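The structure appears below as structure tokens.
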Amino acid sequence: MTERTASSPSPGPDSERTVIVGAGDLGTRIGRRLRNAGRAVDGWKRDPTTLPEDFTGVSADLTHPAQLPELPEDTTAVVFCPTAGGRNAARYRAVYRDGLRALLERADRLGGRTGRPVRLVLISSTAVHGGESGLVDESTALHPHTATGEVLAETEQLLRSDDAVEATVLRLSGIYGPGRRRLLDQVLGGRLGTGAQGAGAQQRGATPDVDPWRISNRIHVEDAAAAAAAMVTAQHCPSVLLGVDELPVPVGMVHDWLADQLGLPRPWPQLVPADGSLEELLAVGREDLLWRSTRAHGKAVDGTRLRRFLGHLEHRDFRSGYADLVAEVAEAG
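Going by UniProt numbering, the sequence shown opens with residue 1, and the numbers climb by one from there.
Below, the structure is given as structure tokens:
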């Protein structure tokens, strides 16, 4: 696991080390980007044997905080991106809040020994903004409307209360990409809109309660990884960034676009837009054309600061991001 691959630059003796706490799919993608930049990467997870060979794997369970290892002496940054393993508040609190508290204790001790603060990047969620309506940006107050959102807000506050680390937060929304096909599978399964109604709908796993006019926000997993990696390496890093792409739209428009690409009936024919309307949305910006419809509702998360920070997104909207997944479905027949 610690063996270096020929394709990745080997870290030198003075390389900066980043510890990825919760090195699952997203954490591994973040680590790969950092390795490609020549940084040493440690991956902490319950089963580190699944990590890439050029990571240093460490067995760690956040639900047993007293047993977490100390950070290596050459650690300059930590990315905290665990998966709770459940949607209940108790599980979130054990993994996120209590796990971060234990990690901060170790980061504080390391900073005290080395004389330099550790940069700690917390991967959070736009769920901390709850059910806000209208445009949401980094200045919007936190109003979580769910128990798990409240735990994430508590976790962010815990991080900010520690003056001994260099704290920064990346709030992600609607991560999608390889292995994350929920919307695509809903369309493929005919579980949406008019196609989900009638006899046998429940047996097909229909989701007739989906609101096609609810604004949806998302980011491709590779753009999420790029954002987190940049927050590790940047000389000056914002205290918080919202991780979303450039095109928040009613979720029904995403369903209909996917259906068009797959040659399937549109789940929401009442949403049929005029030709070019998606392009117009992208050009005008979320705070203008998006709100001309009196039926669209929910929060539109503004990722302007993220785009300025990164320079560009690999997948600026869902059409680019879903293209590979759609092609895979087409090839599979």
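Beta carbons: idealized from backbone N, C-alpha and C, even for Gly. Just so you know, these numbers come straight off a predicted model, no measurement behind them.
Nearest-angstrom Cβ-Cβ length linking residue i and residue j, presumed shorter than 8 Å
{"i": "P250", "j": "L271", "result": "7 Å"}
{"i": "K45", "j": "A66", "result": "That belief does not hold up - the Cβ atoms of K45 and A66 are roughly 18 Å apart, past 8 Å."}
{"i": "A225", "j": "I20", "result": "That pair is no contact at about 11 Å."}
{"i": "A147", "j": "A89", "result": "4 Å"}
{"i": "R119", "j": "E73", "result": "R119 to E73, Cβ: 16 Å. No contact."}
{"i": "D245", "j": "D209", "result": "No, D245 and D209 are not in contact; Cβ-Cβ is about 25 Å, not under 8 Å."}
{"i": "V232", "j": "V121", "result": "6 Å"}
{"i": "L258", "j": "L183", "result": "7 Å"}
{"i": "F55", "j": "D42", "result": "7 Å"}
Alpha carbon of residue i to alpha carbon of residue j, nearest angstrom
{"i": "G85", "j": "L142", "result": "24 Å"}
{"i": "A330", "j": "S320", "result": "16 Å"}
{"i": "Y322", "j": "P212", "result": "18 Å"}
{"i": "S216", "j": "R116", "result": "40 Å"}
{"i": "A296", "j": "R214", "result": "6 Å"}
{"i": "E154", "j": "V128", "result": "9 Å"}
{"i": "G190", "j": "V151", "result": "35 Å"}
{"i": "G243", "j": "T126", "result": "8 Å"}
{"i": "A327", "j": "Q261", "result": "9 Å"}
{"i": "V240", "j": "I219", "result": "16 Å"}
{"i": "R97", "j": "R91", "result": "10 Å"}
{"i": "L170", "j": "A228", "result": "7 Å"}
{"i": "R32", "j": "D108", "result": "26 Å"}
{"i": "S133", "j": "F309", "result": "25 Å"}
{"i": "E156", "j": "V78", "result": "15 Å"}
{"i": "E287", "j": "L172", "result": "Note that E287 scores 47 on pLDDT, short of 50, meaning its location in the model is unreliable and no value can be drawn from it."}
{"i": "G130", "j": "R160", "result": "20 Å"}
{"i": "L51", "j": "A40", "result": "14 Å"}
{"i": "R101", "j": "L158", "result": "7 Å"}
{"i": "T168", "j": "I123", "result": "9 Å"}
{"i": "S139", "j": "R305", "result": "11 Å"}
{"i": "L110", "j": "L62", "result": "19 Å"}
{"i": "R106", "j": "D162", "result": "12 Å"}
Residue i (DSSP reduced to helix, strand or coil)
{"i": "G177", "result": "strand"}
{"i": "V329", "result": "helix"}
{"i": "V254", "result": "helix"}
{"i": "S124", "result": "strand"}
{"i": "T75", "result": "strand"}
{"i": "A300", "result": "strand"}
{"i": "F318", "result": "helix"}
{"i": "V249", "result": "strand"}
{"i": "H129", "result": "helix"}
{"i": "R218", "result": "coil"}
{"i": "R17", "result": "strand"}
{"i": "R119", "result": "strand"}
Alpha helix (DSSP H) segment containing residue i, residue limits
{"i": "residue 377", "result": "The structure shown has nothing for residue 377, since the chain only spans 1 to 333."}
{"i": "R160", "result": "A147 to R160"}
{"i": "G31", "result": "D25 to N36"}
{"i": "V187", "result": "R182 to L188"}
{"i": "D108", "result": "D98 to T114"}
{"i": "R91", "result": "A89 to Y92"}
Of the listed residues the options, nearest to residue i (C-alpha basis)
{"i": "P248", "options": "G174, L122 and T114", "result": "G174"}
{"i": "G99", "options": "E314, D163 and C81", "result": "C81"}
{"i": "D324", "options": "D42, V221, V136 and P269", "result": "V221"}
{"i": "D185", "options": "L62, V254 and G57", "result": "V254"}
{"i": "G298", "options": "H145, W268, H236 and D317", "result": "H145"}
{"i": "A300", "options": "G38, D137 and H312", "result": "D137"}
{"i": "G177", "options": "D317, R17 and T18", "result": "D317"}
{"i": "R113", "options": "T76, G149 and L135", "result": "T76"}
{"i": "R180", "options": "S15, T18, D25 and R17", "result": "D25"}
{"i": "L71", "options": "A37, E16 and D47", "result": "E16"}
{"i": "A332", "options": "T83, L188 and R307", "result": "L188"}
Boundaries (first-last residue) of the beta strand (DSSP E) holding residue i
{"i": "G311", "result": "From DSSP, G311 is part of no beta strand (DSSP E); its letter is neither H nor E."}
{"i": "G243", "result": "V240 to G243"}
{"i": "T168", "result": "E166 to L172"}
{"i": "G134", "result": "G134 to V136"}
{"i": "G57", "result": "T56 to S59"}
Neighbour flag for residue i against chain B, beta carbons, 8 Å
{"i": "S15", "result": "Included in the structure is just one protein chain, with no chain B present."}
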